[in-house]
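Chemist: The structure under discussion is supplied below as structure tokens; questions concerning it will follow.
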DNA sequence: CTTGACCCTGTAGTAAACTTTAAGGTTTAG
DNA sequence: CTAAACCTTAAAGTTTACTACAGGGTCAAG
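Chains as they are written, first to last, in my numbering: chain D, 1 to 134; chain S, 1001 to 1134.
What follows is the structure in structure tokens.
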């Protein structure tokens, strides 16, 4: 099990060095161990963590919210199972709302691609807003 | 059918005046008609448009992407049905990927709230990353 | 006929999330 | 052993998306 240097982690995750260091200052990534020369040495598990951050960002979560998601854990001294459950359930609500809205949008886009491209005179109604309203 | 002034639109959508004017400069909202005094006069349909912008933003779409979604329409001179279909299908892919990722995250959170809070010794594994990996 | 709640434009300021630059030290391939 | 390709920190700059401010005009109620 060899360590990854920041450049290796960057290549593996497609997130650049500066951004990785930036995430460290923001607390999204733990401070890794260092080589004698002071180089950051990451272990494999950080790849998963960085990939999670990237995916969550694409879903519209802010770095602060991602922090909250990442720090959801039952094994910390300062949080009980109940605390974790409460936070997780709040996040679940957010996620379910996002899924609901995305499905609405998906339906609208489906309508545009499938229905609106049929006739000639119906084309005037073919905007995402019109498709959403139905 | 009376017109809405910017303050009315702001109250209806919970988006403040400055932001509405900002969206106008960015092309997300069309330039509305004006009163003799130069006040913006919106019609009802703008409410839907603003609400769409707000929802799309929560889903992680940038203003530029929202522009693309809003300008998807078959009735413009410069776009054919095929163009619209191509753009809509690209957006559909984005949306389906988002839904997929959200479902993954939802499953992970469900695991945290339901499974992990059972026993005592299993608690060390109860992070979102561990829950996602399974 | 004035006071307060609106509206206007233009410009400047802010916060989040990077991204670049400067000025250096380290590692590795030839 | 040296040159390219790494790495370090600290600080400044950029982009996106607002948000506030300055300095003014409009309008309806009392």
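Glycine is no exception: its CB is placed at the ideal position from the N, C-alpha and C atoms.
Since this is a predicted model, take the numbers as computed values, not measurements.
1. Spell out whether any CB of chain D is found under 8 Å from the CB atom of residue 986 of chain S.
2. Considering only the alpha carbon of each residue, which of D/91, D/131 and D/14 lies closest to residue 61 of chain D?
3. Do the region 1093-1104 of chain S and the region 37-54 of chain D touch if we need at least three Cβ pairs shorter than 8 Å?
4. Is the region 14-28 of chain D touching the region 49-58 of chain D in the sense that three or more CB pairs, one from each, lie closer than 8 Å?
5. Can you look up residue 39 of chain D in the DSSP assignment and give me helix, strand or coil?
6. Hey, out of D/85, D/100, D/128 and D/96, whose CA is closest to residue 1112 of chain S's CA?
7. Looking at C-alpha atoms only, which residue of D/11, D/68, D/128 and D/4 is the closest neighbour of residue 1071 of chain S?
8. Leaving out five residues on either side along the sequence, give the residues of the same chain with a beta carbon under 6 Å from the beta carbon of residue 12 of chain D.
9. Measuring only between beta-carbons, confirm whether residue 84 of chain D sits less than 8 Å from chain S.
10. As a quick exercise: from D/39, D/16 and D/14, pick the residue whose alpha carbon is nearest that of residue 5 of chain D.
11. Given a threshold of 16 other Cβ atoms within 10 Å of its Cβ, counted over all protein chains shown, does residue 1098 of chain S qualify as buried or as exposed?
12. Compare the beta carbon distance of residue 32 of chain D and residue 23 of chain D with 8 Å and say whether it is the shorter of the two.
13. If you compare alpha carbons, which of S/1066, S/1109 and S/1130 is closest to residue 93 of chain D?
14. Kindly indicate if chain D contains any beta-carbon less than 8 Å away from that of residue 1049 of chain S.
15. To the nearest angstrom, report how far apart residue 9 of chain D and residue 1019 of chain S are at their CA atoms.
16. Give me the Cα-Cα distance between residue 100 of chain D and residue 1096 of chain S, rounded to the nearest whole angstrom.
17. Here's the rule I'm using: 16 or more other beta-carbon atoms within 10 Å means buried, otherwise exposed. How should residue 131 of chain D be labelled?
18. Going along chain S, which residues have a C-beta under 7 Å from residue 105 of chain D?
19. Mind pulling the chain D residues with CB within less than 7 Å of residue 1128 of chain S?
20. Under the three-state reduction of DSSP, which class applies to residue 1034 of chain S: helix, strand or coil?
21. Step through the CB atoms of chain S and report whether any lies within less than 8 Å of the CB of residue 53 of chain D.
Modeler: Checking against the coordinates, here is how it stands:
1. Chain S is shown from 1001 up to 1134; residue 986 of chain S falls before or after that span and cannot be answered.
2. The option with the nearest alpha carbon to residue 61 of chain D is D/91.
3. Contact check between the region 1093-1104 of chain S and the region 37-54 of chain D: fewer than three CB pairs, one atom from each, fall below 8 Å, which does not count as touching.
4. Between the region 49-58 of chain D and the region 14-28 of chain D, the count of Cβ pairs shorter than 8 Å is three or higher; the stretches touch.
5. Of the three classes helix, strand and coil, the one that applies to residue 39 of chain D here is coil, per DSSP.
6. The alpha carbon of residue 1112 of chain S has as its nearest neighbour, out of D/85, D/100, D/128 and D/96, the alpha carbon of D/85.
7. For the residues D/11, D/68, D/128 and D/4, the minimum Cα distance to residue 1071 of chain S belongs to D/128.
8. If the five residues before and after residue 12 of chain D are omitted, its C-beta is found closer than 6 Å to the C-beta atoms of 47, all from its own chain and listed in chain order.
9. Interface flag for residue 84 of chain D against chain S is set, since a Cβ pair is found closer than 8 Å.
10. Of the residues D/39, D/16 and D/14, the one whose Cα lies closest to the Cα of residue 5 of chain D is D/39.
11. That one is buried.
12. Cβ atoms of residue 32 of chain D and residue 23 of chain D: not closer than 8 Å.
13. Put simply, of S/1066, S/1109 and S/1130 the residue whose alpha carbon is nearest the alpha carbon of residue 93 of chain D is S/1109.
14. True, the Cβ-Cβ gap to chain D drops below 8 Å.
15. If you take the alpha carbons of residue 9 of chain D and residue 1019 of chain S, they lie about 39 Å apart.
16. Each residue's CA atom was taken as its position, placing residue 100 of chain D and residue 1096 of chain S some 12 Å apart.
17. Residue 131 of chain D is buried by the Cβ-count criterion.
18. The contacting residues are 1095.
19. Those within 7 Å of residue 1128 of chain S in chain D are 69, 70 and 72.
20. It is a strand residue.
21. So, not an interface residue.
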